[in-house]
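Encoded as structure tokens, the structure appears first; notes follow it.
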Amino acid sequence: MNNDQVIIFDTTLRDGEQSPGAAMTKDEKVRIARSLEMLKVDVIEAGFAIASPGDFDAVNTIAKTIKDSAVCSLSRALPADIDRAAEALKPAARGRIHTFIATSPIHMQHKLCMTPDQVVEQAVTAVKRARNLIDDVEFSCEDAGRSEIDFLCRIIEAAIDAGARTINIPDTVGYALPHQYGDTIRQLIERIPNADKAIFSVHCHNDLGLAVANSLSAVVHGARQVECTINGLGERAGNASLEEIVMAIQTRKDELKVSTGVNTQHIVPTSRLVSSITGFPVQPNKAIVGANAFAHESGIHQDGILKNRETYEIMRAEDVGWNTNRLTLGKLSGRNAFKSKMEELGISFDSKEELNEAFGRFKVLADKKSEIFDDDLQALVSDVRSNSEEEKYRLIDLQACSTTQSTPEATLTIEVDGEPMEARSQGDGPVDAIFKAIESIANSQAHLALYNVSAITSGTDSQGDASVRLEKDGRIVNGSGTDTDVVIASAKAYINALNLLHSQRTKTNPQTGHV
Ligand code: KIV
Ligand code: ZN
10 MNNDQVIIFD TTLRDGEQSP GAAMTKDEKV RIARSLEMLK VDVIEAGFAI
60 ASPGDFDAVN TIAKTIKDSA VCSLSRALPA DIDRAAEALK PAARGRIHTF
110 IATSPIHMQH KLCMTPDQVV EQAVTAVKRA RNLIDDVEFS CEDAGRSEID
160 FLCRIIEAAI DAGARTINIP DTVGYALPHQ YGDTIRQLIE RIPNADKAIF
210 SVHCHNDLGL AVANSLSAVV HGARQVECTI NGLGERAGNA SLEEIVMAIQ
260 TRKDELKVST GVNTQHIVPT SRLVSSITGF PVQPNKAIVG ANAFAHESGI
310 HQDGILKNRE TYEIMRAEDV GWNTNRLTLG KLSGRNAFKS KMEELGISFD
360 SKEELNEAFG RFKVLADKKS EIFDDDLQAL VSDVRSNSEE EKYRLIDLQA
410 CSTTQSTPEA TLTIEVDGEP MEARSQGDGP VDAIFKAIES IANSQAHLAL
460 YNVSAITSGT DSQGDASVRL EKDGRIVNGS GTDTDVVIAS AKAYINALNL
510 LHSQRTKTNP QTGHV
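Written out as structure tokens, the structure is:
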């Protein structure tokens, strides 16, 4: 491994999925994994195989599908977790087991109820077991950001002796400060006698908004793997954002003196895909991937840019893929052109029926909207697939009207377990009326935590992408729906959320052990 190269380890599908409401289906995870492979990330953490049969299946399918990136499964430092991870990773061209145990006094005492000696012993046993099953083993000291440096040195030396080839130092609760975290990495590399036998990795959470700064400080002090997620998705305030890490390394190579193998032109398409699948919008002023990241409003800036782009721009929008949302297909495009365009976008169909269904929807869309862009196709597949999941509720018919003179009203028909049911309701607006009408049938008693609509492409004929987040009994789901009519998109999103609430499987959280 070239010492100037930083390994990019993407954990969107594992830590990203731990964001409340970001649960993804297997199919959605495979689509994101394909996009990450096109982005040329080095390692894809595909999930936590023991968490549920669904997680196992997702890791296993991604391991079968992805050829160019290593595929990783998380596992606690427990025999059953490690065996399950190894089984899920069997088909991988390059598989990695990532095993972890907490090392901070507060976690060892209150969460694990174990002594430091017991923690070291369990870590060593886990790493050895993993190494007997797979060559590539990563060991993480959970809550390293609040662990004692002497204990970290001790457990890491033992883990390297046991066969771990990547040592990850997570700032699990986002507590670290850049100068201090960088210094911890420096000390570990200097003090641990066998440190040269492993790559040091960092994994920073963003509770204080410092995840990217902490990761870069660690790189300056010798870390050569960064764990990060697309759009900074992740538990609580999220993880270090992949796009910011990669572009900081590329743009400030003069200072950082390292590089990554990431194909930066695929950053924006991957960001859009993750946002549309999870229903987590990207804030407009988000670095690199926000809609305003390259927009210049002030006259002075515009004037400067026209004279010389570098007066106000440190990166080129096209280098991160802002211009790659290409106009692709039109009304006259045939099934083969549609299929090969989808393959180019990393989307394949499991059956002829699925291709036919998607192609049928494409034709309907092309009749409404003359120009079809890559993002329209991604949204169309999301819509076809979210509707092919187990469906209790299905939208059959909808009329909603809003006038300046009267109260908005909606009338709709929904199938519930195959039985058509009708409802009519009034509301503050057509969407409010629709949601009330749907609820009068479903009576889910879920709390509407978030409703958002955004345009997929520019222009008034753009499809609307609606997200609805529902919360019930501590469970959170994000439904999404797309349509050229934003009111219909909103109804689809609400119904999709109800279906998710109804079907969502339980799974174990790796850090708490709870579902
Ligand atoms: O934040 C964390 O500590 C983690 C570990 C499981 C690597 O996600
Ligand atoms: Zn984490």
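Our numbering numbers the first residue of the sequence shown as 10 and each following residue consecutively. Where is the CB? At the ideal position from N, CA and C, for every residue including glycine.
Compute every distance between the C-beta of residue i and the non-hydrogen atoms of ligand 1, then say whether any falls below 8 Å.
i	result
Pro519	yes
Pro179	yes
His188	no
Asp24	yes
His230	no
Asp152	yes
Ser360	no
Ser250	no
Phe109	yes
Leu219	no
Ser268	no
Glu199	no
Leu87	no
Leu121	no
Ser156	no
Glu236	yes
Ser149	yes
Name the two residues that bound the continuous alpha helix (DSSP H) containing residue i.
i	result
Pro534	Here the chain comprises residues numbered 10 to 524, so residue 534 is not present and cannot be evaluated.
Lys262	262-265
Cys162	158-171
Ser280	276-287
Phe444	439-451
Lys295	From DSSP, Lys295 is part of no alpha helix (DSSP H); its letter is neither H nor E.
Val271	That residue, Val271, is in no alpha helix (DSSP H); it is neither H nor E in DSSP.
Asn11	Here Asn11 belongs to no alpha helix (DSSP H), and DSSP marks it neither H nor E.
Ala500	495-512
Asp532	Examination of residue 532 is not possible in this model, given that the chain is present from 10 through 524 alone.
Less than 8 Å separating the Cβ of residue i from some heavy atom of ligand 2?
i	result
Thr20	yes
Gly243	yes
His212	yes
Asp126	no
Asp216	no
If you follow the beta strand (DSSP E) that residue i is in, where does it begin and where does it stop?
i	result
Asn461	456-464
Ser476	473-481
Phe148	145-151
Pro179	175-180
Thr491	484-492
Asp19	16-19
Would the beta-carbon of residue i be found less than 8 Å away from any heavy atom of ligand 3?
i	result
Leu83	Ligand 3 is absent from the structure shown, which contains only ligand 1 and ligand 2.
Would you check if the segment 179-186 and the segment 145-152 touch, i.e. whether three or more CB-CB distances between them fall below 8 Å?
yes
Note down, one range per segment and in chain order, each alpha helix (DSSP H) of at least 4 residues found wholly within the segment 347-418.
361-377, 383-397
Contact between the segment 257-266 and the segment 274-284: three or more CB pairs below 8 Å?
no
Please list the segments of the beta strand (DSSP E) lying wholly inside the segment 67-137, counting only runs of 3 or more residues, in order along the chain.
79-85, 104-111
Could you tell me whether the segment 456-476 touches the segment 244-264, where touching means 3 or more Cβ pairs closer than 8 Å?
no
Between the segment 384-394 and the segment 406-423, can you find at least three pairs of beta-carbon atoms closer than 8 Å?
no
Can you confirm whether the segment 222-233 touches the segment 32-39 when touching is taken to mean that 3 or more C-beta pairs between the two stretches lie within less than 8 Å?
no
At 3 residues or longer, what runs of the beta strand (DSSP E) sit wholly inside the segment 183-258?
208-213, 234-237
Is there contact here, the segment 337-357 with the segment 314-324, by at least three beta-carbon pairs under 8 Å?
no
Stretch pair the segment 168-177 + the segment 130-143: three plus CB contacts closer than 8 Å:
yes
The segment 124-131 / the segment 64-83 touching (three or more Cβ pairs under 8 Å):
no
Can you confirm whether the segment 63-72 touches the segment 285-305 when touching is taken to mean that 3 or more C-beta pairs between the two stretches lie within less than 8 Å?
no
Given 8 Å, three or more beta-carbon pairs between the segment 499-519 and the segment 424-435:
no
Counting Cβ pairs, one atom from each stretch, are 3 or more of them under 8 Å apart for the segment 110-117 and the segment 11-31?
no
Can we say the segment 192-207 touches the segment 227-242, given the rule of at least three CB pairs closer than 8 Å?
yes
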